[in-house]
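Report on one structure; see the data block that follows.
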Amino acid sequence: MSKSVYLDNNATTYLKKEVFDAMIPYYTEHFGNASSKFYEVGRVAESAVLSFRETVAKAIGAKTNEIYFTGSGCEADNWAIKGIANAYKEKGNHIITSSIEHHAILSSCEFLEKNGYRVTYLPVDEFGRVNPEDVEKAITDKTILISIMTANNEIGTIEPIKEISQIAKKHKVLFHTDAVQAIGHMHIDVSELGVDLLSMSAHKFHGPKGVGALYIRNGVKISNLIHGGGQERGKRAATENVAGMAGIAKAIELANENLDKNILEMTKKREKLIKGISERIPYCRLNGPVGEDRLCNNVNFSFKYIEGESILMMLDMKGVAASSGSACASGSLDPSHVLLAIGLPHEIAHGSLRLSVGDDTTDEDIEYVLEVLPPIIERLRMMSPLYEEVTK
Ligand SMILES: *Cc1c(COP(=O)(O)O)cnc(C)c1O
């Protein structure tokens, strides 16, 4: 049997057996349409949806009616940006975000720019951190929304969300955070964070793909992204994905149940990888912050003189699943916008590798990667004309 080590948990996570089991009844006996209240099978679905909404709300310290289910993290992000922009267009047309957001945010902002809005993309420091003072300086009387991610999916930077939310409050500007990477890896409480909107996605914390949620604080106006029926209290049309909602509810419940233990365990594995790679491989650079400010499961290195894609191919031959730059950026020749934003030159950004651990990652998995990775880097460098120059 060949070895298989999955270290791409920032891209997606395996579906937990308990989560799958919680979903099954809503594909089988409880198949009813949650909006069909005139018969039992519909009412069962309807009351299930309410209880799943309650579970998700409780998990992030929100009220039940502040949770809106969506079809993905991308949809939640799109909705937050475009829905707020449209609802508050009388007040202003300016949005503040960072240059290292997920493409769901960046592309939504670019779309708005083509439609009369103005967007400030804040720079980040060498560790990917947004400076709250920069946020404050960027605010104008036309600013309607600030959107800064809780934690970055490529280099694991945890952003100063509480500080930024205080600034947003002071200036009476709405604040959205993309917490897709944060759920399951950090304590998330919407009132503690002080955010008005928050996005999440089930498949990043062992739930099903194609289910997300947007927290919208009561009192915040938002336009629809999806028009149609009256589902999600008229704010998001589509027949309720009851099984998916069962999945996200079970997944977030489990994530919170084991959170402290998971954070501790994943941090240990992360540190073991960082230390092992730094010690064994020359000419490498850890991207992103160290210690507390880093997402507990994320490791990102640049290896000089080689290409990330070649590393991935050779790791794949050894049964190791990892990522380079970001999964969303693959297929394009441009290096990751995040790595460029932290100041890496193109050639170094190209040689990047992201390893993200999960709750199922074992010490043996880490040792195996630390055993196979150095010879791979060495072999690729031997084939690199750039490296030849250096070693001459
Ligand atoms: C994965 C991810 C998304 C998109 O979520 P999907 O459910 O895959 O659409 C958005 N933001 C961040 C930070 C992510 O990591």
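All the letters of the sequence shown, read from the start, carry residue numbers 1 to 392 under the working numbering.
We put the beta carbon where it would ideally sit given N, CA and C, even for glycine.
Please read all numbers here as calculations on a predicted model, not as lab measurements.
Whole-Å CB distance - residue i paired with residue j, under 8 Å assumed
i: residue 108; j: residue 78; result: 5 Å
i: residue 200; j: residue 73; result: 7 Å
i: residue 174; j: residue 84; result: 6 Å
i: residue 204; j: residue 13; result: 6 Å
i: residue 198; j: residue 165; result: Actually they are not in contact, since the Cβ atoms of residue 198 and residue 165 sit about 11 Å apart, beyond 8 Å.
i: residue 393; j: residue 177; result: Given a span of 1 to 392 for the chain in the structure shown, any question on residue 393 remains unanswerable.
i: residue 254; j: residue 305; result: Not confirmed; about 43 Å, so no contact.
i: residue 99; j: residue 319; result: Wrong, their Cβ atoms sit about 35 Å apart, outside the cutoff.
i: residue 366; j: residue 273; result: 6 Å
i: residue 227; j: residue 15; result: Incorrect: roughly 31 Å between the Cβ atoms, too far for contact.
i: residue 352; j: residue 324; result: 6 Å
i: residue 130; j: residue 159; result: 5 Å
Nearest-angstrom Cα separation, counted from residue j out to residue i
i: residue 123; j: residue 31; result: 48 Å
i: residue 376; j: residue 343; result: 26 Å
i: residue 334; j: residue 347; result: 11 Å
i: residue 170; j: residue 382; result: 56 Å
i: residue 393; j: residue 312; result: What is shown of the chain runs 1 to 392, which leaves residue 393 out entirely.
i: residue 64; j: residue 287; result: 38 Å
i: residue 155; j: residue 22; result: 33 Å
i: residue 66; j: residue 300; result: 35 Å
i: residue 191; j: residue 182; result: 15 Å
i: residue 428; j: residue 59; result: This structure does not reach residue 428, given that the chain is present from 1 up to 392, and the question cannot be answered.
i: residue 217; j: residue 102; result: 22 Å
i: residue 321; j: residue 37; result: 46 Å
i: residue 224; j: residue 157; result: 31 Å
i: residue 397; j: residue 18; result: Outside the shown range of the chain (1 to 392) lies residue 397, about which nothing can therefore be said.
i: residue 260; j: residue 392; result: 50 Å
i: residue 57; j: residue 34; result: 19 Å
i: residue 71; j: residue 283; result: 42 Å
i: residue 221; j: residue 113; result: 21 Å
i: residue 251; j: residue 263; result: 16 Å
i: residue 51; j: residue 235; result: 19 Å
i: residue 308; j: residue 337; result: 15 Å
i: residue 96; j: residue 150; result: 15 Å
i: residue 143; j: residue 285; result: 37 Å
i: residue 275; j: residue 212; result: 35 Å
i: residue 209; j: residue 389; result: 46 Å
i: residue 413; j: residue 163; result: Residue 413 is absent from the structure shown; the chain starts at 1 and stops at 392.
i: residue 231; j: residue 92; result: 29 Å
i: residue 47; j: residue 39; result: 12 Å
i: residue 229; j: residue 239; result: 8 Å
i: residue 134; j: residue 106; result: 18 Å
i: residue 172; j: residue 88; result: 13 Å
i: residue 233; j: residue 349; result: 45 Å
Closer than 8 Å: residue i CB and nearest ligand 1 heavy atom
i: residue 65; result: no
i: residue 156; result: no
i: residue 8; result: no
i: residue 149; result: yes
i: residue 184; result: no
i: residue 45; result: no
i: residue 74; result: yes
i: residue 104; result: yes
i: residue 56; result: no
i: residue 346; result: no
i: residue 212; result: yes
i: residue 172; result: no
i: residue 203; result: yes
i: residue 199; result: yes
i: residue 82; result: no
i: residue 153; result: yes
i: residue 338; result: no
i: residue 334; result: no
i: residue 209; result: yes
i: residue 180; result: yes
i: residue 77; result: yes
Ligand 2 heavy atom lying under 8 Å from the CB of residue i
i: residue 102; result: The model on display carries ligand 1 but not ligand 2.
Original post:
Is the region 242 to 252 close to the region 27 to 46, with three or more CB pairs under 8 Å?
Top reply: yes
**OP:** Could I get the ranges of all uninterrupted beta strand (DSSP E) runs contained in the region 158 to 197, with 3 residues as the minimum, in chain order?
**Re:** 174 to 178
Original post:
So, do the region 358 to 373 and the region 272 to 287 have three or more beta carbon pairs nearer to each other than 8 Å?
Top reply: yes
**OP:** Check whether the region 265 to 274 touches the region 125 to 141, taking contact to mean three or more Cβ pairs, one atom from each stretch, closer than 8 Å.
**Re:** No, because fewer than three Cβ pairs between the region 265 to 274 and the region 125 to 141 fall closer than 8 Å, the two stretches do not touch.
Original post:
Hey, is the region 5 to 16 in contact with the region 342 to 356, meaning 3+ C-beta pairs nearer than 8 Å?
Top reply: Between the region 5 to 16 and the region 342 to 356 there are three or more C-beta pairs closer than 8 Å, enough to call the two in contact.
Original post:
What residue ranges within the region 290 to 326 form continuous beta strand (DSSP E) runs of no fewer than 3 residues, ordered along the chain?
Top reply: 298 to 303
Subject >> Whole beta strand (DSSP E) elements within the region 72 to 136, 3-residue minimum >> reply: For the region 72 to 136, whole beta strand (DSSP E) runs of length 3 or above, ordered along the chain, are 94 to 98, 118 to 122.
Subject >> Inside the region 230 to 282 only - alpha helix (DSSP H) runs reaching at least 4 residues >> reply: 242 to 257, 259 to 280
**OP:** Enumerate, from N- to C-terminal direction, the unbroken alpha helix (DSSP H) stretches of 4 or more residues contained entirely within the region 345 to 383.
**Re:** 346 to 349, 363 to 382
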